[in-house]
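> Below you will find the structure I want to go over with you.
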Amino acid sequence: MAAASLLCHVIARSAPAGRSRRCLLHSNPHTAHPLLVAFSRLCAHGPLRDALALLPDLAEAGLTADPVAVSRLIKLCVRHGTPSDGRLIHRHVFGGGDVAAPSCSSLFVSNSLVSLYAKFGLLDDALRLFDGMPHKNVVSWTTVVAALANARGRKEDALRLFVAMLRDGVAPNMYTFSSILGACSTPRVLAAMHGSIVKVGLDSDVFVRSSLIDAYMKFGDLDGGRRVFDEMVTRDLIVWNSIIAGFAQSGDGVGAIELFMRMKEARFLSNQGTLTSVLRACTGLVTLEVGRQVHAHVLKYDKDLILHNALLDMYCKCGSLQDADALFGRMPQRDVISWSTMISGLAQNGRSIEALKVFDMMKSEGPRPNHITMVGVLFACSHAGLVEDGWYYFSSMEKLFGIQPEREHCNCMVDLLGRAGKLDDAVKFIHEMNFQPDSVIWRTLLGACRMHKNADLAAYAAKEILRLEPDDQGARILLSNTYADLRQWADAEKSWKMMRDRGVKKDPGRSWIELGKQVHVFIAGDLSHPCSESIIQELSRLFSRVTNLGYTPQTEFVLQDLATEQKEDLLKYHSEKLAIAFGTMNAMEGKPIRIMKNLRICGDCHAFAKLVSKSEGKVIIIRDPVRFHHFQDGVCSCNDYW
DNA sequence: TTAGGGTTAG
111 MAAASLLCHV IARSAPAGRS RRCLLHSNPH TAHPLLVAFS RLCAHGPLRD ALALLPDLAE
171 AGLTADPVAV SRLIKLCVRH GTPSDGRLIH RHVFGGGDVA APSCSSLFVS NSLVSLYAKF
231 GLLDDALRLF DGMPHKNVVS WTTVVAALAN ARGRKEDALR LFVAMLRDGV APNMYTFSSI
291 LGACSTPRVL AAMHGSIVKV GLDSDVFVRS SLIDAYMKFG DLDGGRRVFD EMVTRDLIVW
351 NSIIAGFAQS GDGVGAIELF MRMKEARFLS NQGTLTSVLR ACTGLVTLEV GRQVHAHVLK
411 YDKDLILHNA LLDMYCKCGS LQDADALFGR MPQRDVISWS TMISGLAQNG RSIEALKVFD
471 MMKSEGPRPN HITMVGVLFA CSHAGLVEDG WYYFSSMEKL FGIQPEREHC NCMVDLLGRA
531 GKLDDAVKFI HEMNFQPDSV IWRTLLGACR MHKNADLAAY AAKEILRLEP DDQGARILLS
591 NTYADLRQWA DAEKSWKMMR DRGVKKDPGR SWIELGKQVH VFIAGDLSHP CSESIIQELS
651 RLFSRVTNLG YTPQTEFVLQ DLATEQKEDL LKYHSEKLAI AFGTMNAMEG KPIRIMKNLR
711 ICGDCHAFAK LVSKSEGKVI IIRDPVRFHH FQDGVCSCND YW
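Residues are numbered in the working numbering as their position in the first sequence, beginning at 1, plus a constant of 110.
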């Protein structure tokens, strides 16, 4: 008998040989059955396979296993097993899957099994078992609430179950609250939940606090998160990581880095999670200084792929392709994210041809591309005007890589066709695609209409956006700018008036530049900077230098009905020109001037930056919300196509 | 027996 020999083997291994033999041969009703003894030992110490192999023998002998042993087995299974092992345990424990008549009726075991299913992602099995349980305690409820809260698209179900739990008279504990907080769907629900937590006195629990911080941050409520954080007496690494991640994800890079510094002052050692968030925070900064410092910390985690991907992205987003290239070249491992990051990074920095070369390399030696890789590839095509390549990749991605085109890919195609001036093709594409066009698609078309000065189509696209999103300010601004481009001042004024009536304000152009540890912000037309006088002098100097190289003000970029002279004045003080002048005044030898912008760069500033890079022999890098412009020796990396 | 944080695009 295979089972008997296995049993001898197990007992021989886990107990003195003489005793194990005696156990097997002389089992009596006053001592535990040897099968049960062996089973318990295997459940406690493994191996899992041997413990599982004993389950049929237990059933055959009509024995009921010790709930503690079964619970341990389930834990072992979660660690080393597969979902099918979980189902096997379930069958044996509950006699053929009949939940109503379990052979091992412990609540303890049922809870463990529900948890096992949840951990293996078998939500339906977990819920079925939970529903059939005659008795449920706070652990049973918490396990399913947590499982639903963590599952995609099941947050509402988690909340419903939480309410059912309260109705059932079961009081939630800190485990329950730390799970359900992630499922709060609106700030109001979150506030109510926070209130309940305080009321039952569970707000001092560090797990509950970190979930609270995370929940506030997910709604973009940095102050709310910060308050919860500041009130804490004892903090652990995860709490620090939560708050830093929250700030980084909300786009407050400076805030995230300040917190990181405070964490170091509090003598907490960072881990990979901290550094990943800090790197993300650095992607929103102008300079590379902090990013490089973090790079030094990353060196000790040389096998951490996630961290290296974050580092790669940081270099791309800070416009330092040299560092990104070098890092990508020496990364010991590269996954689909590394490749996608590199492709998108190159594309955003105006190096589309190289991006497509990296994609070719990926096809031959890298992992299989995913839908995000393809977004990067199509972005590369659209920003370089490679219409044919874009069409090829779009139409063959399903056949070549099994990736069905999604909304994002369609949007890239509208961008590709629109930018290239093929507006009719773009409209045809929108009407023929497999999705109902959304406001994103129409906005892309509207941007292209403005670029190619097609007011009729712009009005059509803007109307579609406003039909879908009546409060969209961007659509009204773009529409009025299009009228202004066409010198249709009456229409532009009508559109502006509508915005004024609705209280919509145009976001002024802002550029910022970092000097030392200070960030200097320049707003279009605003000369309140303490160095304004010298900035104006420097601008005059630059204007005379670039005029010698052929610069003339391109007044068509002024979107107001003014005299030429006034238009030139407005152009002169665009925020990026102020920042460029400030940059050349304070430039360091051999270092590029890095500027960030809140709006897309205008054509006149673009021409100005190109010529300044030539006349001053400086590299100027301007990052706008969509892409980078690297100006060097009179040329821009975007090849004047943006 | 139940709980909290980190990467890629737009």
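C-beta: ideal position from N, C-alpha, C; glycine also.
Which partner residues does M706 have in the DSSP bridge list?
On the first sequence, position 596 is the one that residue 706 refers to. W622, R733.
> Looking only at its own chain, which residues have a Cβ that is under 6 Å from the Cβ of E574, when we skip the five neighbours before and after it?
Reading the first sequence from its first residue, position 464 is the one you call residue 574. Closer than 6 Å at the Cβ level, and outside the excluded window around E574, lie W552.
> Let me know the secondary structure DSSP gives F758 once reduced to three states.
Given that the chain is displayed from residue 111 to residue 752, the structure contains no residue 758 and the question cannot be resolved.
> Determine the direct distance from the alpha carbon of Q432 to that of V316, and round the result to whole angstroms.
Position 206 of the first sequence, counted from the start, is the residue given in the question as residue 316. Position 322 of the first sequence, counted from the start, is the residue given in the question as residue 432. If I take the Cα positions, the gap works out to 42 Å.
> Determine the direct distance from the alpha carbon of R610 to that of E603, and round the result to whole angstroms.
Residue numbering aside, residue 603 sits at position 493 when the first sequence is read from its first letter. Residue numbering aside, residue 610 sits at position 500 when the first sequence is read from its first letter. Cα to Cα, E603 sits roughly 10 Å from R610.
> Which of the three DSSP states, helix, strand or coil, is assigned to V629?
Your numbering for residue 629 matches position 519 in the first sequence. V629 falls in the strand class under three-state DSSP.
> Beta-carbon within less than 8 Å of H521's beta-carbon, same chain only, minus the 5 sequence neighbours each way: which residues are those?
Here residue 521 refers to the residue found at position 411 of the first sequence. According to the sequence provided, residue 521 is Asn. The question's His does not apply to it. Result list for N521: V550, I551, T554, in chain order.
> Rounded to the nearest angstrom, how far is the Cβ of S288 from that of V318, given a contact under 8 Å?
Stepping through the first sequence from its first residue, residue 288 is reached at position 178. Stepping through the first sequence from its first residue, residue 318 is reached at position 208. Correct: roughly 5 Å between the Cβ atoms.
> What number of angstroms, rounded off, separates the C-alpha of D362 from the C-alpha of F329?
Walking along the first sequence from the start, residue 362 turns up at place 252. Walking along the first sequence from the start, residue 329 turns up at place 219. Going from the Cα of D362 to the Cα of F329 covers about 14 Å.
> Express the C-alpha separation of L232 and M471 in angstroms, rounding to a whole number.
Reading the first sequence from its first residue, position 361 is the one you call residue 471. Reading the first sequence from its first residue, position 122 is the one you call residue 232. If I take the Cα positions, the gap works out to 38 Å.
> Taking the alpha-carbon of T694 as reference, which of F653, D346, A154, V745 has the nearest alpha-carbon?
Counting from 1 along the first sequence, the entry for residue 694 is found at position 584. Closest option to T694, Cα to Cα, is F653.
> With distances taken Cα to Cα, identify the nearest neighbour of A494 among A457, I416, S505.
Mapped onto the first sequence, residue 494 falls at position 384. Selected option, being the one with the closest Cα: A457.
> With H155 as the anchor, note down where its alpha helix (DSSP H) starts and where it stops.
Within the first sequence, residue 155 is the residue found at index 45, counting from 1. From DSSP, the alpha helix (DSSP H) with H155 extends over 144-155.
> Using only alpha-carbon positions, find the residue among T393, V400, G394, Q382 that is nearest to H418.
Locating residue 418 in the first sequence gives position 308, counting from the first residue. Per the Cα distances, Q382.
> Just the Cα atoms here: how many angstroms apart are V343 and F504?
In the first sequence, residue 343 corresponds to position 233, counting from 1. In the first sequence, residue 504 corresponds to position 394, counting from 1. When rounded, the distance between both Cα atoms is 54 Å.
> So K677 packs on V668, CB below 8 Å; how close in whole Å?
Numbered from 1 along the first sequence, position 567 holds the residue referred to as residue 677. Numbered from 1 along the first sequence, position 558 holds the residue referred to as residue 668. At roughly 4 Å, the Cβ-Cβ gap stays under 8 Å, so K677 and V668 are in contact.
> Among K687, D714, V729, G713, which has the Cα closest to the Cα of A697?
For the purposes of this step, residue 697 is taken as the residue at position 587 of the first sequence. Minimum Cα distance to A697 is reached at V729.
> Taking buried to mean at least 16 other C-beta atoms within 10 Å of its own C-beta, is K427 buried or exposed?
For the purposes of this step, residue 427 is taken as the residue at position 317 of the first sequence. It is buried - the Cβ of K427 has at least 16 other Cβ atoms within 10 Å.
> Within a Cβ cutoff of 7 Å, which residues of the same chain sit near G754, ignoring the five residues on either side of it in sequence?
Outside the displayed span of the chain (111 to 752) sits residue 754, for which this structure offers no information.
> Does DSSP put Q598 in a helix, a strand or coil?
In the first sequence, the residue the question calls residue 598 occupies position 488. Looking at Q598 - three-state DSSP - the assignment turns out to be coil, as it is neither helix nor strand.
> Pull the bridge partners of C426 from the DSSP assignment, please.
Indexing the first sequence from 1 puts residue 426 at position 316. None, per the DSSP bridge assignment.
> Would you tell me roughly how many angstroms separate the C-alpha atoms of Q514 and F545, rounded to the nearest one?
The sequence position of residue 514 within the first sequence is 404, counting from 1. The sequence position of residue 545 within the first sequence is 435, counting from 1. So the alpha carbons of these two residues sit roughly 12 Å apart.
> In this structure, what does DSSP give as the bridge partners for V745?
Numbered from 1 along the first sequence, position 635 holds the residue referred to as residue 745. Looking at the DSSP assignment, V745 forms a beta bridge with Q742.
> If you measure between the beta carbons of I453 and F438, is that distance less than 8 Å?
For the purposes of this step, residue 453 is taken as residue 343 along the first sequence, with counting starting at 1. For the purposes of this step, residue 438 is taken as residue 328 along the first sequence, with counting starting at 1. Against a cut-off of 8 Å, the Cβ pair of F438 and I453 comes out as no contact.
> For the 8 Å Cβ check, are there 3 or more pairs between the region 376-390 and the region 349-357?
Contact between the region 376-390 and the region 349-357 is present, because at least three Cβ pairs lie under 8 Å.
> For P297, report the span of its alpha helix (DSSP H) as first-last.
Position 187 of the first sequence, counted from the first residue, corresponds to residue 297. Start and end: 297-309.
> Ends of the alpha helix (DSSP H) at N658?
Taking the first residue of the first sequence as 1, we reach residue 658 at position 548. Segment 642-658, the alpha helix (DSSP H) holding N658.
> Can you list, in chain order, the residues of its chain whose CB lies under 6 Å from that of D525, leaving out five sequence neighbours each side?
The residue you call residue 525 lines up with position 415 of the first sequence. Once the five neighbours on either side are set aside, the close Cβ partners of D525 are S492, T554.
> Under three-state DSSP, which class holds L672?
Position 562 of the first sequence, counting from 1, holds the residue named residue 672. The answer is coil: DSSP assigns L672 none of H, G, I, E or B.
> Using C-beta distances below 6 Å, list every residue in its chain close to R131, excluding the 5 sequence neighbours before and after it, in chain order.
Here residue 131 refers to the residue found at position 21 when the first sequence is read from its first residue. Annotation note: pLDDT 34 at R131 (below 50); position unreliable, coordinate value reported separately. Correct list: empty, nothing qualifies.
> Going straight from the alpha carbon of R277 to that of L271, what length do you get?
Numbered from its first residue, the first sequence carries residue 277 at position 167. Numbered from its first residue, the first sequence carries residue 271 at position 161. If I take the Cα positions, the gap works out to 10 Å.
> With burial defined as no fewer than 16 other Cβ atoms inside 10 Å of the residue's Cβ, what is the status of N658: buried or exposed?
Here the question's residue 658 lines up with position 548 in the first sequence. The residue is exposed, with fewer than 16 neighbouring Cβ atoms inside 10 Å.
> In the DSSP assignment, find the alpha helix (DSSP H) that holds Q359 and state where it starts and stops.
As a first step, residue 359 is located in the first sequence; it is residue number 249 there, counting from the start. Its alpha helix (DSSP H) spans residues 347-359.
> Below 6 Å CB to CB, which residues in the same chain sit around V736 once its five sequence neighbours on both sides are set aside?
In the first sequence, residue 736 corresponds to position 626, counting from 1. Here the set comprises nothing.
> For C746, verify whether its CB is less than 7 Å away from any heavy atom of the ligand NAD.
Of ligands this structure carries none, so the ligand NAD is not represented either.
> Can you find the residues in the same chain that come closer than 8 Å, C-beta to C-beta, to D548, ignoring five residues on each side of it along the sequence?
For the purposes of this step, residue 548 is taken as residue 438 along the first sequence, with counting starting at 1. Counting only Cβ-Cβ distances below 8 Å, and skipping sequence neighbours, we find R517, L578.
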